[in-house]
Every structure is written in structure tokens, then in C-alpha cells.
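Student: FYI, the numbering for the sequence shown is 111 to 394, going by the working numbering.
Cβ atoms here follow ideal geometry from the backbone N, Cα and C, with glycine treated the same way.
Input: one structure, supplied below.
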Amino acid sequence: MPELPEVEVVRSGLDRHVVGRTIAAVEVSGPRTLRRHLAGGEDFAARLIGRRIESARRRGKYLWLPLDSGEALAAHLGMSGQFVVAPPGFVDPGHLRARLSFADLGPQLRFRDQRTFGGLAVVKDGYPVPPSIAHVARDPLDPEFDEPGCVAAIRRRNTGLKRALLDQTLVSGIGNIYADEALWRARLHYARPTSTLRRGEVVRVLAGVREVFTEALAAGGTSFDALYVNVEGERGHFERELAVYGRAGQPCPRCGRPVRRDPFMNRSSYFCPGCQPPPRRAPR
């Protein structure tokens with residue numbers, strides 16, 4: 111699933127290509143794409159046609175495009191959702207779920223989704239954030255991120271450290287890949303009980319998150335397959351820089367010990383057993 115760097119790359123592309131343009135036509139294929147827009151496809155199109163896109167915004171892994179009507183086009187990419195700009199006559203390669211055409215007759219905005227876990231909806235209030243995502247916390251790159259408050263909230267939890275990092279109500283934008291990479295940078299094990307963490311250790315983890323996010327953004331995000339691309343259809347390249355994620359059995363870049371993979375929440379955790387020793391006791 112795209113994490114903050116990938117979603118931010120998409121947001122930046124939307125800002126360049128569609129902000130300031132007026133929607134002239136809307137096409138949607140398949141009901142799953144609009145399952146969060148309960149009024150249905152006709153209402154979805156009617157709320158968009160004739161509206162100008164005012165900006166492109168993000169909170170964590172969620173995107174929304176505020177409109178001049180005061181509403182917003184909200185989107186979640188899910189596992190495989192893609193926003194791509196393409197000329198009107200371009201034949202889409204497949205998995206096209208929605209297409210927005212513009213009054214200037216320029217490039218269209220297309221939403222592709224192979225696995226159909228993503229979705230679109232028009233929401234009534236897009237400022238400052240849509241109500242449906244108001245519970246999502248700010249991320250460590252947000253200028254208004256409350257780091258002391260986040261540190262205190264994590265330390266109050268009785269859970270494992272990686273579980274806390276994945277809790278989007280505590281800190282947003284972090285998924286499996288960047289959690290593992292940040293924990294490696296902080297030299298902390300994913301199962302470390304949050305109640306045993308010192309303040310400085312949580313600060314160190316958040317600094318690792320901020321560092322890896324910044325580096326991934328500079329590389330265009332992480333693309334293990336063609337399911338993540340930017341709005342120009344280009345892949346990111348940060349997978350070349352990953353220290354532990356997806357590198358089970360390969361040497362740790364820091365100490366040379368083989369990277370280990372453990373099952374974790376129906377997924378995996380990758381870590382260095384030398385640099386990130388397991389805790390003496392697991393959280394309840």
C-alpha cells in the first residue's frame with residue numbers, strides 16, 4: 111500500500127497538473143470505486159461537473175482536492191490506486207475506474223485501480239480536512255506536527271512500538287516499509303513495549319521516520335512493482351536504498367548480520383538482530 115512518500119508524490123503531481131482547472135465531464139466504471147459515495151454515480155458526477163479544482167491536499171495516506179463549491183473530491187489509493195494524467199485520445203492500458211475531462215480540453219485525470227481497494231467520493235466539507243479523515247493524525251513532515259504530544263501518546267500506549275507507529279490516530283503516513291526502515295535507523299526492535307520507551311528513544315524513532323520520508327520523497331517513492339507510479343506514470347526508485355525491508359538473509363548495511371524477517375500482523379517485519387535486539391518481554 112502506498113505510504114506517505116508515495117502519496118505525497120502523487121499529491122505534488124496533482125498540484126502541478128489539475129489545480130486551477132474546471133471539470134467538464136466525469137466517467138466512472140464499476141460500483142466499487144464509489145462505494146464511499148453513497149448517493150451513487152450520477153450524484154458524484156453532478157457534484158464535480160463545472161467545478162474548479164482549488165488545490166491538492168494530503169493528510170497521512172489520504173488525498174483530497176478542494177473544489178470551488180466548498181466540497182472536495184476525496185481519494186484513497188488503497189493497495190493499487192493510481193492517479194495518472196493522459197491526453198484525451200490516449201488508450202488506457204487497463205483497470206480504468208474513473209476519468210475526469212476538463213474544460214480546457216487538455217490532459218485528463220484518470221483513476222486506475224487493479225485491486226479495487228481504493229475509492230473516490232465527493233465530500234461536503236474539504237476545509238481544513240474532510241470530516242471522514244479528521245481522526246487521522248498529522249505526520250512528522252507536517253509543519254504543525256505536535257512531536258511532544260505524539261511522543262507522550264506513544265509512551266502511554268501498552269502495545270508494541272511498530273503497532274504504535276502504524277496507528278494513524280497517533281502519527282500518520284507510516285506503513286510497513288517505512289516503519290521497518292525508521293526502526294532500523296533508530297536501532298529499536300519492532301516489538302519493544304511502548305511503555306518501556308524513554309522519551310529520547312521515541313524522539314529518535316520519529317527522527318528516523320522524518321529522515322526516511324525525506325529521502326524517499328527525493329527518490330520519487332518506493333516502487334516494488336508497477337502498482338505505484340506518479341501522475342506521469344513513472345516509478346519511484348527508493349527501493350534501491352532500503353536497508354532492511356524486503357532484504358531477509360542479506361547483510362545489514364551497518365553491522366553485516368543477516369537481516370531477519372518475522373511474521374507481523376498478517377504481514378512481515380524486517381530487522382537486524384544485531385542492531386535491533388529483541389525486548390526482554392513482549393507487550394500485552
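Between L230 and the ligand GTP, is there a pair consisting of the residue's CB and a ligand heavy atom that are separated by less than 7 Å?
Tutor: For the structure depicted, the ligand GTP is absent and the ligand set is empty, with no information on it obtainable.
Student: Let me check one thing: in DSSP terms, what residues is H205 bridge-paired to?
Tutor: Looking at the DSSP assignment, H205 forms no beta bridge with any residue, so it has no partner.
Student: Could you give the distance in angstroms between the alpha-carbon of R271 and the alpha-carbon of A182?
Tutor: Checking the sequence shown, residue 271 turns out to be Leu, not Arg. The alpha-carbon atoms of L271 and A182 are separated by roughly 35 Å.
Student: Give the C-beta separation of V112 and A326 to the nearest angstrom, bearing in mind that I take them to be a contact with Cβ-Cβ under 8 Å.
Tutor: It is Pro, not Val, that sits at residue 112 in the sequence shown. Contact doesn't hold; Cβ gap of about 11 Å is too wide.
Student: What is the residue span of the alpha helix (DSSP H) that V246 lies within?
Tutor: Counting along the chain, V246 falls outside any alpha helix (DSSP H), and DSSP gives it neither H nor E.
Student: On the CB-based measure, 16 or more other CB atoms within 10 Å of its CB, does Q192 come out buried or exposed?
Tutor: Buried, by the Cβ-count rule.
Student: I287 and T226: beta carbons closer than 8 Å?
Tutor: Result no, Cβ atoms of I287 and T226 do not sit closer than 8 Å.
Student: Kindly indicate the opening and closing residues of the alpha helix (DSSP H) around G259.
Tutor: Segment E257 to R266, the alpha helix (DSSP H) holding G259.
Student: CA-CA distance, L148 and A244?
Tutor: Approximately 19 Å, taken between the alpha carbons.
Student: Where does L271 fall in DSSP's three states?
Tutor: Helix.
Student: For E342, count neighbouring C-beta atoms within 10 Å of its own C-beta (all shown protein chains included) and say buried if the count is 16 or more, exposed if not.
Tutor: Classification of E342: exposed, given that the 10 Å Cβ count is below 16.
Student: The beta strand (DSSP E) spanning I133 covers which residue range?
Tutor: Per DSSP, I133 belongs to the beta strand (DSSP E) from I133 to V138.
Student: State the DSSP-derived secondary structure class of L177, mapped to helix, strand or coil.
Tutor: Strand.
Student: Helix, strand or coil: how does DSSP classify P373 here?
Tutor: In the structure shown, P373 sits in a strand (DSSP, three-state: E or B).
Student: If we ignore side chains and look at the alpha-carbon of each, how far apart do E395 and P250 end up?
Tutor: A query on residue 395 cannot be resolved here, the shown segment of the chain reaching from 111 to 394 and no further.
Student: Counting only the same chain and skipping the five closest in sequence on each side, list residues whose C-beta sits under 8 Å from that of S139.
Tutor: If we look at S139 and ignore the five residues flanking it on each side, its Cβ neighbours are L206, R207 and A208.
Student: Answer with buried or exposed for Q360, where buried requires no fewer than 16 other C-beta atoms within 10 angstroms of its C-beta.
Tutor: Exposed, since its Cβ has fewer than 16 Cβ neighbours within 10 Å.
Student: Hey, V117 and L187: beta-carbon distance below 8 Å or not?
Tutor: It is a contact, given that the beta carbons lie within the stated cut-off.
Student: Within 10 angstroms of the Cβ of G318, are there 16 or more other Cβ atoms? Answer buried if so, exposed if not.
Tutor: Per the 10 Å Cβ criterion, buried.
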